[in-house]
Structures are given as structure tokens and as C-alpha cells.
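What follows is a short report on a single structure.
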Amino acid sequence: MKKHQTMKKVALALLSANVVASTVVTAIPTLSMADEVTSANSETSGSKNNLKVATPFVPFTSIAVASGTTTIDENNHILLTNNTFLTTGGMMTKEKINLRKSDFHFNTTLDFGTGSADGISFVMQNNGNPSVFGGKGDNMGLAGLKNALGIAMRAQTYYKPSVQNVSFYANNEFVDKKDTPVPLTGTVRDLSVFWDASERTLTYSITGVVEGSYQVANLTDTFGGEEAYIGLVGVAGQGTSTHTATNTELSIDTDEDPVIEAADKTLFTGQTFSPLADVRATDEEDGDVTNTIKVTANNVDTNKAGVYHVTYSVTDSAKKTITKTITVRVNDLAAPTISPITDKTTTITVTGLPLTETSLVLPDDTRIIKRTDADGKATFSVSNLVADQEVKAFQTEYGAPSLIAKETVVAATPNTPSIAPFTTTDTQLVVTGEAGAIISVKLPNGSELTEKAGVDGKATFNIGAQEFGATIEAKQTGTNGKTSVISSTTVTQGAVATPTINALTTDDTTVTGTGIAGASVKVKANNIEYTGTVKVDGTYSITIPKQTANTVVSATQTLNNMTSNAVSAIVKSKVAITLTAGDFTVGADNYIKGTYTGDIAKLAIEVNGTIQQTINTTGSPYQYYAKGQVNATTDQVYVIGYDATGKQLQKTKVNIKQQETGTVTPNMYYIGKDNYVTGKLSGDVAKFSLTVNGVEYSKINVTTAPDFKYYANSLIKNVTDTAKVNAYDASGRLLDSKPLSVTTYQGEEGEITSISPFKLGKDSYVTGAYTGDVRKVELQVNGVALQRINVSDGIIKYYAKANIAKATDEVKLVGFNAAGVAVSTKPITITSTDGSVAASPFALGKDGYVTGAYTGDVAKISLTVNGVKQSTINVPAGSEFKYYAKTLIKSASDIVVLTAYDTTGGVLSTINITIDNSATMTSGTVTPNTFKIGTNSYVDGTYTGDVAKVELEVNGVKYGQIPATGNTIHYYAASLITQASDVVKVNVYDTAGKQLDSKLVSITAPTGTVTASDTKVDDIYLSGIATGDVTKVTLSVNGTIQSSIAFVQADKSYRYYIKNLNLKPTDDVKIIGMDARGNTLSVSEVTINN
């Protein structure tokens, strides 16, 4: 249900009681909208305000955007103006609110500052962004603002006499001004603002001060639309003040119009009509409200043709009423004609008026619409009609239907089914008829089979093989019960399989093979034909003369005048039988391979006397898969050749071998560079070792094949050492051994290309650059070689601060390559530091720092006052310095010396500081006002003399200093002073920061009580009385504090909405009284009675 608009998350809330009791409504003098004419099918609405059930408010700061001088602290206190001239500070919603649909309720506590100008305005504006306001000062952020409505709250002591009033701003002018009975300046006031969308009325109430209402005649005239940003703007002009807002919250209630769903209808004369049929109504808030629809007008008469209207009305729970009128047409038109229809009909022709919309209504009420041609005919495709069903048709002219034509479907006799050709080789019979028909088949043996035809009309019967020339009959019975005429087919001879023919040699005189029993076989050799018959056992044998090699002999067979394809064999010469077998390596080979000649047609192997699987040959050479069958070199293995009949022709022994492979290839070894012997491995190498000068060192496992490395730094020491690498298999058998080449590594060329001069007292490092093979550098001072350090990326940086002490030192830098060979030497130039310093006079009582400039190598400075040396500090980059001396130099007679140092601490320059005692002595006093917790947000008061800054000190903690202006103090302290026992001081200072005065602030705590009247479970409100500083109340139910609050009225009464809480006598209910800042002052039990 859509309850929220604009913020999407803002909850619905009930207007507080003090806002409902509004004053006189003032109408804006704008033109009224003209009465609108309602169309035949139209919807109109009207509404009257109906407040919804209360839901929590949301903090305004969470949905608003600040502008101008506005700031927000961690407690969501909104500081609108900052005591600055000619300023505005706004806090407005980020999105616009729909003013036609949405009520809203805005609560806040305003603190009108003690300054002289100008006040706070509540703003509603429909412009390009939230932060668009009118002029400053007396314009109150409103004057000159278009598309706006506002409430200006003036607190202007700038004028004499002061101006203290509240007025509306609308149509570019301030209206309905009301002077406040008490001044707003310097007070904290609760403000409630309510917008009633249904009445277009804006109502405000400043608790205990003034209230008023304003009605907008037309939203578009006032706002240029139906939406607006809303919020606050604080204003200052020629005078200044600090205005704040706290406890600011907003609730928005959006109520949509109900909707009536009713469509125009067209009826036939005599047709029953119910005005509420198919009519429904819905409401975004109330859901389905169909049962509340009322028919307010209905003149429909279905006994005669005509155009009629029905008007409906519905009202939602918010009293918004809408109406809708539909058109009902009653027509009579001559019925068209329908062509005859059977249950097999696939097209229907309807004849009526030419070029007219024509509807065909099928038995399942499906409606098909076409337009008749120039002859008045329209043809419709149909299917699946059933006997005795009824088909209807009518025409529509100018939106009115004709009378209805009707035609009954009659049953049709199905066609004769068709039987697919069936041969002696077939076993399945396919009969095609009508989809869904029952098809019956009568076989030659007299038996009958029945199947239902599928959607394609086909039925398949498994009838087995049938005799050549036999007759098969079929018929079908349609879904309408009608049976067709019988159809039949004769079994024909099917395709005859090709016979087989056995291999022939130049010695054979008989052709043999297989075929179909009883079939005639014809053999053709050298263009001479020989015949025979296949015997009962399916074999044949036909005598022919001996044939020469490569003669082609073919054979066919014929059965029932159907002849097969031919098969042939090529006569071959008698070939000698041979069989060879290659070596088989266990663990390496998968196949036994070899060759054969002659009549060998099958092969097998024998392993240790056991014949393995026999395979057919496919040609010489052959291969026989033997992996897993031959597993050891001791196995006795033979290859055996057979002819096609299985007769053994040849047996050959296989030589079984064991696999032995593995190699090692070592790389060159460089003494002085390499720590490891490296290289490549191959084959079955599982371990390797190193032999040096005849001594073989430990074998290690291969882990990074094909690469290897063997630590040799301590084993190979001279180029004369004799070394080799040994490779072993997993069992430790030596597979390979290779000699290792050994040489000395001399490294590459390199050069130190540049070295910067080294300045004593400034530099810490010797720096330079190099090219080529320079891996390390060494510093030599006065002939003494110091530590070698690594270098990289062409850059040299060698720490030398502790090593180079005098400008006369002889210093060199030596570069070494990867082999440790010195490849480059460069001398280093040594220089000393210099520099100077100058300082400005120090103004006693005014300056905080000794300032000045430095030159040269000055890196640090220190200050000595009356012989006592103070801290040494680094100077910043550039040429200027400053040294904090406010607490060090206290008298014009002090002797102050400034000393400059280089980076090593060497003194470069010393100067005296001149002390200027011409600054005027300052004085001043402060008088703070009493601060009341919960009422005051600021510590206020007055000051005299040279006061320039004001500081607040609470319980020993000093808070930030603020500028003092106009001989008054105004220091924000609402979040700092929380208890009457707090010790609070106001400290004041001159421009130099000297404290001139400090005074205690008198703190008083807010007091007050709250009581509740007896309450019943069905009461809508809980009422009661508050005293003292209690300004608002909330409720605690069973330990849960509710989020909504109610404000205390001017007569100290309050009313808290409780109907939605469904309170029971057993609930633990307490009423909580709070001051304007939300601090709890009083808690009282509430009794709930039945």
C-alpha cells in the first residue's frame, strides 16, 4: 500500500492536538478554476481531510540538505546563522513533496538568538533546487521568491521599536501579520507546521505564543505546480544573530484517489444486464473497495436498441469520492448465414453484409473475427469440431452486433484408410487414417489387431514377417462412431540380401558361400555363368574350372523374381606362409609387432604356455597389444598364426628385453660465481651424485626433472679439480656419467661515471652513478678501506658522515664487479659548510615567534635566553624561519641569542635578538548571565575593555575560543553544560592571547512534573498536566519508549495519541516529561482501566 511519497521512507504521523485547533483560514485572492464538463466515460474525485493512524516521525536532518551558513553537529542540532551580517542559512528537503496528495507535519524547537536580526522562516518553494531563497534581512529569505509559500517569524531588535511578529508570505507579499505577545528574540520556542492537502491549508503553532492558518486557492497559481521543497531558513541583515533548530522532525501522509474499473458495454436486445457485473474498485490505502460501489444513475433498457449510460460512485476511508460513467449500447442487426458443417469440416463460410466485421464463435466460445469481402463472404479455418456441437456467427456494424446465426455440426463418415506397402522383409505395418480414429487390421491368418491413430493419423502394428502374396485388410472408425470402407494390400517380395562368397585361390574348383534357403545362385567367372540352389542349411557349392590369379568371380541370388546385389572375390595365387616378431621391451613397448605372408587370417600370442586372445588380421605388418600380458624378461612368448578356419599355420618366438635408459648433461661450473652444479636429466634417472677428484659424494633424489642442481661450493675449489656427474635409476643402477667442465669467473667490465662533492656538516652520504658490471663499492679514507656495500640500478649511495671528518681527508670510491674484481676508482672532493642568519625585533606582549631569514647551509637554529639554551629545531625548506618564544621572552631586559647550525650541529652564525617593549598594556572584564539547563542553549553576558576572544571552561576542560563582538558574549553550551553541579567559567583574552578576566557562571537546572489522568483501554488520547520546564511528553510502554512526542500547551495541558498502542490494564505505562532539549525531568505512572 503506497503510504509514503517524496522521501519514500518517511512515516505517516498524526497531527498534534495543538495544530488541529487552528485559527481563521485566510484565502488567497486568486482566480477560481472553472467547472469541468465530465465525459461519458470519465472519472472525477473529491475529498475531505481524514487524518490517518499515527506512525513515527523521522529526523529532518536525515532527509534534508544544508546550504549557506547552516551547519549540523553530531546531535543533529541545526545552526542556521553564525552571527554574521547579511547571511542566510537553509535546511530544506532533498526532494519535493506532492502537495495535492500529501499531508505533512513538521515539528522543531527554534532558538531565536539574542542578536538584533532578523529571524527564521518556514519555506515551501517549487524551484530548480532546494536551496533557492528570497532576499536577506527584512526580506526573511522569502521576498522576491517565486512559486513559494512561507511563514516569516521576525525577531528584529535592530529596529526601534523592535519588530516581533509572524506573517505568511504568498504571491510575492507578506500577509496575515500577527504581533507576538512576547518577544521571540533570545527565546526557545516549539514550532508545529501542518499542511492539509485536501483543504490546501497551511497551519502553524508557536507553542504559547501565536498560531494561524492560510488556504491556497489554487496550487498551480501559487507554486507553479503541485510539488514543493520544504524546510527552514535563518536570516541576518544589517544586524546579526545566531539562530538554531533542534529536535526537528517530519512526517508525510500520502493518500491516493480510489479507482473504479468499469468498461463500456455493447448488448443485444433482450440480453440480461447487471450494472455491477465486471465492475470493481480499488484504493492504494484501503485495498479492494468493490463492495462499496454505488450505482448513482442507470437508464439502460435492453428491450430496445439505443445508447444508455450508467454512473458509479465510490468513497474511500479518507472520504475521497470518485465517480465514473460508462456507455451501454443495445443493438439489433440481422444474423448472417453459415455454410453446412460436419465434424470433418476445416473451413466455414459466413455470408452477410459486404465489407463488414464478422465474428465466428466456436463451440468452446473462441471468437474469430474477419471482414467480409465485396460479396459479403468471410471464410474461417476450423478444426476438431464434434458432432452436435453448435457454431455461431454475427456481424458488427458501427460497433453494434447483429442477431446471432447458429449451425449444428453433423457427423461425417471417415475416408478409407491407406496401407503402406508391406514386403516379406517388413515386420511393422503402418496404416494412415484420421487423428484419433480406431484403426483395425485383419491379417492373412484371420486374426485382427486394433490401434488408435496418433495426432498425425498414423497407427503402427507389429505383425511379424508375412508370406509373399498374402492379403492384409484395414478399416477405421472415427471419433464420431462412423466406420469407413475396408482397404487392402498384398505382401510383395522384399529386398534380397547379398550372398557371401568364400576366398578363392588358383587351386580351387568350387565356389562356396551362404545365402537364403531355396534361392537360385548365379556365379560368374570369366564371363561364364554357373548356377545352383541354396540348400536348407543356407549354404551353396557350385563347381567351376580353376581360375588364373586376379580373376574376379561374382555371385548373386534370386528369390520371387527379386535379385540381390552381387558379391565378388579375387582369385589369389597360393602364397608361402611366414610370420615374424620384433623384440618386445618390458615397461616400454605396448605392442608385439611383426609381419606375415600367406593365408594367415588370425593371430594370438602364447605366454608361458597360455594362449591369449585371438584377433583377426587386417594386413601385414601387424601389431598385437601385449602390455600387462608380458611382464618379465623371463616370460616365454610366441606369436601364433591361423588360417580363416582356425588351423595353426605358424608359431614364432618373441625376444623379450628389459628397458634401460637415462642420461645426464651438466653445465659449465664457474668458480667464484656458482654455488651449484646444474644441468639436465632424461630417461629413468631417479638419483644423481657428484664425484670430485675420485671421491663420490652423496646421492640425492631428482625433484625438479628435467633440471638438477647439486651444491658444490665447498667441494670444487680449483680449476684443476676433476669432477663428473653420475645418474642412477630408482634401484641405484648407474645409467649415465658425464665429466664436468670447471673454470674461474672473472666478471664483466664496469665504471663509476660520476661522484658528487661531499660537504662536511651537510651531507651524510657519498652519492654517484655507475655503468656496467659494478656490484659493490668500497670507501677508502686516508688509505683505509671501509665496508663494501651492494649497489643497484646505476645509483651509488654510501653513508660517510661518520667517516669523513676533515676537508683535508683523502677519500676514494672503488667499484667491484660480480667476481669481486676492482674495475673502477674515483677520488671524492671534500668541502665545508657556511651560512648566516638574520632576525626581526621581537615585540613583547604581541609577538609569539622570533622570525627571520637564513642563507647557505643553515639546517637548525636554537634560542638562548639569559644564558639558558633552549630547544634546537630544524629550519623549514626555503629561506625563512620562526621560533616560538612567547613563553621564553618575558621582559625587555632579557638577553636573547639566536644560533644557526649545519646538519652536524656545527655553529655557522650567532646574533642577538632586539626586544621591542612598545606594545600597549591591555585590560578587560567579563560578566556572564545565569545559564538554565534545558532552557538556554548559549552562555550570554557582557564584557568591557580589550577583550578580543571568549573561551568556555567546563569542569576544568577549556573549549574553543570565539571572537568577541559588540561587548556581548554568546557561547553555544547546550551540549557542554549538562548538570547543575558543573563548574563553568568564562575566560576572556586580548588579541595577543593574554587572559584578562575569568568569571564563574551560575548554573540552574530545569524542573517540572508531569501527571496523567485516568485512562481507559478504548481512549484515543492520554491527557494530563505538566508543570515547570516540561515542554513535551512521550510514553514508555512495558519498558519501550515510543518515538512520537506531544507538546505541552500554553495552559500546561497535553494530549498523547494512544489508540494505535492498544493499551491493556496489565501494561506497564509511564508518562515521561521532557524539557525543550529532550532531557527527562519527570516520570509518572499511568493507570489503564477497562
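When the letters of the sequence shown are read in order and numbered with mature numbering (1 follows the signal peptide of the UniProt record, and there is no 0), they come out as residues -27 to -1, 1 to 1063. Glycine included, every Cβ here is placed at the ideal spot set by N, Cα and C. Since the model is a prediction, treat every value here as computed from it, not as a measurement.
Three-way DSSP call (helix, strand, coil) for residue i in this model
i, result
"L1034", "helix"
"S765", "strand"
"S710", "strand"
"L59", "coil"
"A(-11)", "With a pLDDT of only 29 at A(-11), under the threshold of 50, the placement of this residue in the model should not be trusted; the figure read from the coordinates follows. Reduced to three states, the DSSP call for A(-11) is helix."
"L973", "strand"
"S420", "coil"
"V283", "strand"
"L477", "coil"
"L881", "strand"
"F661", "strand"
"Q110", "Before going further, note that residue 110 is Gly rather than Gln in the sequence given. Residue state, collapsed to three classes: helix."
"N435", "strand"
"L192", "helix"
"T806", "coil"
"N589", "strand"
Pair within 9 Å by beta-carbon distance, residue i and residue j
i, j, result
"N902", "E924", "no"
"T465", "F395", "yes"
"G63", "V96", "yes"
"D289", "Y911", "no"
"I906", "I976", "yes"
"M641", "V750", "no"
"V823", "I862", "yes"
"L713", "V650", "yes"
"T239", "V301", "yes"
"I884", "A812", "yes"
"T315", "L358", "yes"
"V105", "V139", "no"
Where residue i falls, given that 16 or more other Cβ within 10 Å makes a residue buried
i, result
"residue 1068", "Look at the range of the chain in this structure, -27 to 1063, and you will see that residue 1068 is not part of it."
"D169", "buried"
"R706", "exposed"
"K1005", "buried"
"I392", "buried"
"residue 1064", "Because the chain spans -27 through 1063 in this model, residue 1064 falls outside it and cannot be assessed."
"S541", "exposed"
"F661", "buried"
"V757", "exposed"
"V764", "buried"
"D480", "exposed"
"F58", "exposed"
"M894", "exposed"
"S75", "buried"
"L115", "buried"
"S457", "buried"
"G808", "buried"
"S165", "buried"
Anticipated Cβ contact below 8 Å, residue i with residue j, distance rounded
i, j, result
"T61", "K109", "6 Å"
"residue 1145", "G645", "Residue 1145 is absent from the structure shown; the chain starts at -27 and stops at 1063."
"K67", "N99", "So it is not a contact: roughly 15 Å between Cβ atoms."
"G723", "N790", "5 Å"
"A438", "G486", "The pair is not a contact, with the Cβ atoms about 23 Å apart (cut-off 8 Å)."
"residue 1068", "P472", "Since the displayed the chain opens at -27 and closes at 1063, residue 1068 lies outside it and no answer follows."
Residue(s) in a DSSP beta bridge with residue i
i, result
"Y611", "E579 and K626"
"Y131", "BP columns for Y131 are empty, so no partner."
"S996", "R1028"
"D746", "Answer is none; D746 lacks a bridge partner."
"Q719", "DSSP output for Q719 lists no bridge partner at all."
"V841", "V838"
"K67", "For K67, which the question treats as bridged, DSSP gives no partner whatsoever."
Near the ligand ADP: residue i beta-carbon under 8 Å from a heavy atom
i, result
"G829", "With respect to the ligand ADP, the structure shown offers nothing to examine, as it has no ligands at all."
Beta carbon proximity, residue i to chain D, threshold 9 Å
i, result
"S910", "Among the chains in the structure shown there is no chain D, since it carries only a single protein chain."
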